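The structure appears below as structure tokens.
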Amino acid sequence: WMGALKPLDVKFENLAKMLQDYNVLPSLSPSALGDAANGDVETEQVRGMKAQLLNYILIGHSGETSQVSNAIDQFFTGVQMNDQLLQRMARTLEGNVAHMESAVRKKILGPARALVYDAIELNGLAQMMASSPSLPLGEEQRQPPLLDLETSTKMQQACEILAVIGEQFVSDIVEARFRLKDMLAWIRGTASQVKARGTASDSVLRENARKRRVTDSGLRRFADYLSAPVMDDTDLLEHGNHSQKNDGKRSLTECILSA
Numbered sequence: 010w011m012g013a014l015k016p017l018d019v020k021f022e023n024l025a026k027m028l029q030d031y032n033v034l035p036s037l038s039p040s041a042l043g044d045a046a047n048g049d050v051e052t053e054q055v056r057g058m059k060a061q062l063l064n065y066i067l068i069g070h071s072g073e074t075s076q077v078s079n080a081i082d083q084f085f086t087g088v089q090m091n092d093q094l095l096q097r098m099a100r101t102l103e104g105n106v107a108h109m110e111s112a113v114r115k116k117i118l119g120p121a122r123a124l125v126y127d128a129i130e131l132n133g134l135a136q137m138m139a140s141s142p143s144l145p146l147g148e149e150q151r152q153p154p155l156l157d158l159e160t161s162t163k164m165q166q167a168c169e170i171l172a173v174i175g176e177q178f179v180s181d182i183v184e185a186r187f188r189l190k191d192m193l194a195w196i197r198g199t200a201s202q203v204k205a206r207g208t209a210s211d212s213v214l215r216e217n218a219r220k221r222r223v224t225d226s227g228l229r230r231f232a233d234y235l236s237a238p239v240m241d242d243t244d245l246l247e248h249g250n251h252s253q254k255n256d257g258k259r260s261l262t263e264c265i266l267s268a
């Protein structure tokens, strides 16, 4: 997952550095990084970058946002934002995420569902053995069941919870794929519009910008992603995401997508 998002992370890191050069975002000095025990400085950086991108979408160019507009325009006119490179990056990223989704379905969700089926059968067998009538006096007593009913019921419930978590995991990946698609469409469309600015109305750049223009619904969805709050480590732990605390910090792409 982190490897699939790496190309976008690099681009957003370049954008963050450019916003710092334009004094839009505060620079991360070594002393500031040392004072950030829980990553608070990095969280504020991400919040600031999301806010500036949202302002760029909603306001565009204005006197109050000239520095932000100039920084983002320079970012989109860079060599790394060539349309062919963006297309190649989008295909690679979507393919990697789709491959990850397929692996999760095969290696996590499938076995979890099979485990639920086996647990239900085992619990049914335990129920049958528990409800069997006792033998009459004088006959040989039957062997105690290998698995008591309470234990088998708890195991079935645990397996069902595991399967539900697997379903939620796949659902999160699918939602992230749609969010990535909206983001990549906005990046490509905005890059074409910025490069076409100031050219003739019948130029090739203008025509490309019209073709790649993002729909209003897609733009609204991406603005919603940018408007969502950035969760810090405490919020992630409250939502049950314990791995993020151990891994350090989320990627810029995850934070911007609110994924």
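Residues 10 to 268 in our numbering are what the sequence shown spells out, letter by letter.
Glycine included, every Cβ here is placed at the ideal spot set by N, Cα and C.
Bear in mind the structure is a predicted one, so any value in this text is a computation, not a measurement.
Hey, quick one: how far does the alpha helix (DSSP H) through residue i stretch, first residue to last?
{"i": "Met-11", "result": "11-30"}
{"i": "Arg-230", "result": "225-236"}
{"i": "Val-113", "result": "92-113"}
{"i": "Leu-214", "result": "213-220"}
{"i": "Ala-80", "result": "75-85"}
{"i": "Thr-208", "result": "That residue, Thr-208, is in no alpha helix (DSSP H); it is neither H nor E in DSSP."}
{"i": "Ile-117", "result": "Counting along the chain, Ile-117 falls outside any alpha helix (DSSP H), and DSSP gives it neither H nor E."}
{"i": "Ile-265", "result": "261-266"}
When you compare the CB positions of residue i and residue j, do they come within less than 9 Å of one another, or not?
{"i": "Ser-161", "j": "Ala-121", "result": "no"}
{"i": "Phe-85", "j": "Thr-199", "result": "yes"}
{"i": "Val-239", "j": "Val-55", "result": "yes"}
{"i": "Asn-217", "j": "Ala-205", "result": "yes"}
{"i": "Asp-157", "j": "Ala-128", "result": "no"}
{"i": "Ser-101", "j": "Leu-189", "result": "In the sequence under discussion, the amino acid at residue 101 is Thr, which differs from the Ser named in the question. Contact: no."}
{"i": "Leu-235", "j": "Ala-99", "result": "no"}
{"i": "Ser-260", "j": "Met-11", "result": "yes"}
{"i": "Leu-95", "j": "Ala-232", "result": "no"}
{"i": "Leu-28", "j": "Val-77", "result": "yes"}
{"i": "Asn-23", "j": "Gly-87", "result": "yes"}
Given residue i, which residues of its chain have a CB within under 6 Å of its CB, disregarding the five upstream and five downstream residues?
{"i": "Met-58", "result": "Ala-25"}
{"i": "Asp-82", "result": "Val-203"}
{"i": "Leu-17", "result": "Thr-262"}
{"i": "Ser-201", "result": "Asn-217, Ala-218, Arg-221"}
What does a CB cutoff of less than 7 Å around residue i pick up in its chain, not counting 5 residues either side in sequence?
{"i": "Val-113", "result": "Phe-178, Val-179, Ile-182"}
{"i": "Asp-44", "result": "Legend: pLDDT at Asp-44 = 42, less than 50; position of this residue unreliable, value from coordinates given subsequently. Contacts found: none."}
{"i": "Pro-39", "result": "Below a pLDDT of 50, predicted positions are generally treated as unreliable, and Pro-39, at 45, falls in that range; no measurement from the model is reported."}
{"i": "Thr-224", "result": "none"}
Under 8 Å Cβ to Cβ from residue i, same chain only, skipping five residues before and after it: list those, please.
{"i": "Leu-124", "result": "Cys-168, Leu-171, Ala-172"}
{"i": "Gly-227", "result": "Asp-191, Ala-194, Trp-195"}
Fully enclosed by the region 136-205, which alpha helix (DSSP H) runs are 4 residues long or longer? 158-205
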